[in-house]
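In the working numbering, the protein residues as written are 26 to 249.
Okay, structure coming up:
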């Protein structure tokens with residue numbers, strides 16, 4: 026009995042996950058007939074479901090066949106909304122030029138980012154041996170990771186083209202300029218990307234001015 030029920034479960038799973046049936050097509054016709062035919066091969070041998078039992082059972086299934094088309098194809102992946110910002114950076118620095126870099130990550134790191142378990146607080150970028158790295162970008166341990174889990178605060182290499190690296194290198198050597206990480210996000214193709222900026226530290230007057238601007242915007246939003 027258990028073996029037969031397991032076989033039925035497998036058939037249902039295969040039918041409902043077929044990629045070639047469009048979601049707008051219900052199971053009446055090809056899907057419905059195939060569904061009932063394959064089930065009948067296994068149902069007939071089960072006591073209580075053969076004969077009249079089978080008829081009653083299949084009718085109950087086919088009554089709902091109109092709704093089953095929603096499960097014929099896998100649900101399309103929703104676009105990721107993961108966006109982790111370094112809010113402090115825009116307060117402490119004036120951004121002179123911005124870049125988008127790829128990040129070299131391990132498997133558990135990208136999974137943690139997709140779960141939103143990362144932080145850019147106190148992070149910054151530096152050059153070493155001609156390569157650019159981000160420091161203090163925290164990526165939490167992945168819950169389902171193996172014993173080879175990553176170091177949450179390890180330095181991670183950034184991927185940019187040579188022209189961008191040269192511009193950043195020259196800019197970072199100027200007095201008062203630094204490279205800060207501003208935003209971590211997942212691209213439409215599923216890759217982790219890091220927005221970085223060549224930045225200049227704000228003076229206290231500039232910071233107070235930024236606070237006033239935010240207060241004014243907040244008041245305007247309330248009035249609207």
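Quick reminder that beta carbons are idealized off the backbone N, C-alpha and C, glycines included.
If you're wondering where the values come from, they're calculated on a predicted model, not measured in any experiment.
Where do the ends of the beta strand (DSSP E) carrying residue 179 lie? From DSSP, residue 179 is part of no beta strand (DSSP E); its letter is neither H nor E.
Helix, strand or coil at residue 228 according to DSSP, with G and I counted as helix: coil
I need the boundaries of the beta strand (DSSP E) containing residue 196, first residue and last residue. No beta strand (DSSP E) holds residue 196; the alpha helix (DSSP H) holding it covers 187-197.
Neighbourhood of residue 207 by C-beta distance below 6 Å, restricted to the same chain and skipping five residues each side: 111, 114, 220 and 222
Between residue 258 and residue 145, which are expected to be in contact by the criterion C-beta below 8 Å, what is the C-beta distance as a whole number of angstroms? There is no way to answer for residue 258, as the model of the chain reaches only from 26 to 249.
How would you call residue 134, buried or exposed, if buried means at least 16 neighbouring beta carbons within 10 angstroms? buried
Starting from the C-beta of residue 218, find all residues in its chain whose C-beta is less than 6 Å away, skip the five residues before and the five after it, and write them out in chain order. 125, 210 and 212
CB contact flag (residue 301, residue 128, <9 Å): Because the chain spans 26 through 249 in this model, residue 301 falls outside it and cannot be assessed.
For the alpha helix (DSSP H) holding residue 112, just list the boundary residues, first then last. 112-117
What is the residue span of the alpha helix (DSSP H) that residue 138 lies within? 132-139
What residues in its chain sit with their C-beta under 7 Å from that of residue 178, if we drop five residues either side in the sequence? 161 and 163
Limits of the beta strand (DSSP E) - the one that residue 165 falls within: Where residue 165 is concerned, there is no enclosing beta strand (DSSP E), given that its DSSP letter is neither H nor E.
Nearest to residue 153 by alpha carbon, out of 140, 119 and 194? 194
Using beta-carbon positions only, say whether residue 159 and residue 149 come within less than 9 Å of one another. yes
Measuring only the C-alpha atoms, how far is residue 117 from residue 174? 33 Å
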